[in-house]
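Count the sequence shown with the working numbering and you get residues 537 to 929, in order. Where a beta carbon is used, it is the ideal one built from N, C-alpha and C, also for glycine. Below: one structure, written as structure tokens.
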Amino acid sequence: MDLAFTPEEQAFREDIRAWVKANLPAEISHKVHNALRLTRDDLQRWAKILGSKGWLGWGWPKEFGGPGWNAVQKHLFEEECALAGAPRVVPFGPVMVAPVIMTFGNKEQQQRFLPGIASGEVWWSQGYSEPGSGSDLASVKCRAERQGDKFIVNGQKTWTTLGQYGEWIFCLVRTSNEGKPQTGISFLLIDMKSPGVSVRPIKLLDGECEVNEVWFDNVEVPAENLIGEENKGWTYAKHLLSHERTNIADVNRAKRELERLKRIAKAEGVWDDLRFRDQIALLEVDVVALEMLVLRVLSAEKSGKNSLDIAGLLKIKGSEIQQRYSELMMLAAGPYSLPFIEEAMEAGWQGNFPGSVNANAPLASTYFNMRKTTIYGGSNEVQRNIVAQTVLG
Numbered sequence: 537m538d539l540a541f542t543p544e545e546q547a548f549r550e551d552i553r554a555w556v557k558a559n560l561p562a563e564i565s566h567k568v569h570n571a572l573r574l575t576r577d578d579l580q581r582w583a584k585i586l587g588s589k590g591w592l593g594w595g596w597p598k599e600f601g602g603p604g605w606n607a608v609q610k611h612l613f614e615e616e617c618a619l620a621g622a623p624r625v626v627p628f629g630p631v632m633v634a635p636v637i638m639t640f641g642n643k644e645q646q647q648r649f650l651p652g653i654a655s656g657e658v659w660w661s662q663g664y665s666e667p668g669s670g671s672d673l674a675s676v677k678c679r680a681e682r683q684g685d686k687f688i689v690n691g692q693k694t695w696t697t698l699g700q701y702g703e704w705i706f707c708l709v710r711t712s713n714e715g716k717p718q719t720g721i722s723f724l725l726i727d728m729k730s731p732g733v734s735v736r737p738i739k740l741l742d743g744e745c746e747v748n749e750v751w752f753d754n755v756e757v758p759a760e761n762l763i764g765e766e767n768k769g770w771t772y773a774k775h776l777l778s779h780e781r782t783n784i785a786d787v788n789r790a791k792r793e794l795e796r797l798k799r800i801a802k803a804e805g806v807w808d809d810l811r812f813r814d815q816i817a818l819l820e821v822d823v824v825a826l827e828m829l830v831l832r833v834l835s836a837e838k839s840g841k842n843s844l845d846i847a848g849l850l851k852i853k854g855s856e857i858q859q860r861y862s863e864l865m866m867l868a869a870g871p872y873s874l875p876f877i878e879e880a881m882e883a884g885w886q887g888n889f890p891g892s893v894n895a896n897a898p899l900a901s902t903y904f905n906m907r908k909t910t911i912y913g914g915s916n917e918v919q920r921n922i923v924a925q926t927v928l929g
């Protein structure tokens, strides 16, 4: 495998780097590089900037309004955005539901939903997990009953990331109890402004309300919002999960945060501790290995092969790396990693925290928040079983 980029690919990288430098707002980049709170407006602002260029759907084919980039170009774009301090694109619209609509939706659905996703105008949420149905998605109970030209939806979704901002939500719903559990699931698009939809925030250990409960009480959903065939949603869900787990790996953010870890270690005086530096070196080796895995997945996608199995492995390693760099940052800063002043942050304060200028964020709260990464998107224990069965045989 030749790991050197061609002159054309290097030129592409330079073009992306120059565009991002010219268009990424400095105040947003500052927040990302220093792990300060990003608001909805920050995330939406960057999404719309990308959308105006036609790059919010950077992985889309040209026929749906995307740039039609190959696997290497997509990787270089993601890397340059991450290293420049661009916010991570909220993936539910452009990375997750859009490929499902492209592959399984009809022409009318594609024309109706894809433009709002591509422009960054419409905020999408994901309605998969329920109480008792997390990694075991086949057991979902949220019910959608067909009544003529509409579905009546009742039930609950939970751990809905940034659901408080959601305008539309794609949901796995139970439309039949006959046969195997997987055969009775449908894939439904729901307007979150519909009567009967309520969102309740869940405050996490770090004080943030990043996730939510979403309740459906006799919500009427037009039957035209059903993707594909009724009771075939499990097939569409698996297609989406391959994109989600690849996205969770987030290797480019890991590369950026690795450099931040080094800055914090030097500023806090632990860089000269050989044992601590050994841990950073071990982490860097894993980040490089993860990048090679990501390139394998993208190459498989380019050649039309099914990358779902490797995507599970990506999810495992990527989530573990995120936990390790957040832990090492907290250990490097010591007691200065602890402050979290929720009231001040709610009021918009973005000043420096105690400690060095390089550790001016509540690193302990980030560490606690990252405990979730090995659970969401399919817990790592379940993913290891999938890898063992489908890859190792």
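* Asked: Would you call the stretch 760 to 775 and the stretch 633 to 647 in contact, with 3 or more CB pairs under 8 Å?
  -> The stretch 760 to 775 makes contact with the stretch 633 to 647: 3 or more CB pairs, one atom from each, lie closer than 8 Å.
* Just the Cα atoms here: how many angstroms apart are F812 and V633? -> Distance between the alpha carbons of F812 and V633 is about 41 Å.
* What's the gap between the Cα of I784 and the Cα of G805? -> So the two alpha carbons sit approximately 32 Å from each other.
* To do: Provide the residue(s) that pair with S661 in DSSP beta bridges, ordered along the chain.
  => DSSP lists I705 as partners of S661.
* Asked: Once you ignore the five residues that flank F687 on each side, which residues in its own chain have a CB closer than 7 Å to its CB?
  -> The answer, listed in chain order, is A680, E681, L724, V757, A759.
* Determine the direct distance from the alpha carbon of V821 to that of V893, and round the result to whole angstroms. => Note that V893 has pLDDT 48, beneath the 50 cutoff, so the model's placement of it is unreliable and the number below is only indicative. Looking at the two C-alpha atoms, the distance is approximately 27 Å.
* Asked: Between the stretch 646 to 665 and the stretch 691 to 708, do at least 3 Cβ pairs fall closer than 8 Å?
  -> With a cut-off of 8 Å, the stretch 691 to 708 and the stretch 646 to 665 count as touching, because enough Cβ pairs lie within range.
* Taking 9 Å as the cut-off, decide whether the C-beta atoms of W596 and P623 are in contact. => Result no, Cβ atoms of W596 and P623 do not sit closer than 9 Å.
* Hey, how far is the Cα of G652 from the Cα of I763? -> It is roughly 17 Å from the alpha-carbon of G652 to the alpha-carbon of I763.
* List in chain order: all unbroken alpha helix (DSSP H) runs of 4+ residues lying wholly within the stretch 750 to 793. => Counting only runs of 4 or more, we get 769 to 785.
* Start and end residues, alpha helix (DSSP H) containing P737 -> Note, P737: premise wrong, no alpha helix (DSSP H); beta strand (DSSP E) at 733 to 738.
* Through-space distance from V918 to S722, alpha-carbon basis -> If you take the alpha carbons of S722 and V918, they lie about 23 Å apart.
* Would you give the residue range spanned by the beta strand (DSSP E) that R648 belongs to? => In the DSSP annotation of this structure, R648 is not part of any beta strand (DSSP E); the continuous alpha helix (DSSP H) holding it starts and ends at 643 to 655.
* To do: Out of T694, A618, R920, point me to the one whose CA is closest to C745's CA.
  => For C745, the nearest C-alpha among the options comes from T694.
* Just how far apart, CA to CA, sit A869 and A900? -> Answer to the nearest angstrom: the Cα atoms are 9 Å apart.
* Considering only the beta carbon of each residue, do V735 and C707 sit closer than 9 Å? -> No, these two residues do not count as a Cβ contact at 9 Å.
* Asked: So L574 and K567 are in contact, right, with Cβ under 8 Å, and what is the actual spacing, rounded?
  -> The C-beta separation of L574 from K567 comes to about 6 Å, placing the pair in contact by the 8 Å criterion.
* To do: Quickly, what does DSSP pair S669 with across the bridge? List them, please.
  => Looking at the DSSP assignment, S669 forms a beta bridge with E666.
* Following the continuous beta strand (DSSP E) through G587, name the residue where it begins and the one where it ends. => Run containing G587: none in the beta strand (DSSP E); it sits in the alpha helix (DSSP H), 576 to 589.
* Of the listed residues D742, A674, V747, M728, nearest to G720 (C-alpha basis) -> Among D742, A674, V747, M728, the Cα nearest to that of G720 is on A674.
* **Nearest to V755 (by Cα), restricted to the options D814, Q692, K802** => Here the closest residue by C-alpha is Q692.
* Asked: What's the C-alpha gap between T902 and D742?
  -> Counting only the Cα atoms, D742 lies some 7 Å from T902.
* Asked: Whose C-alpha, out of I564, E827, K798, is nearest the C-alpha of D814?
  -> Nearest C-alpha to D814: K798.
* Inter-residue Cα distance where the pair is P603 and N788 -> So the alpha carbons of these two residues sit roughly 20 Å apart.
* Asked: Which residue's Cα is closest to the Cα of V608: Q580, Q546, L560, L586?
  -> Of Q580, Q546, L560, L586, the residue nearest in Cα terms is Q546.
* To do: Can you check DSSP and say which residues form a bridge with E681?
  => In the DSSP output, where bridge partners are listed per residue, E681 has I688.
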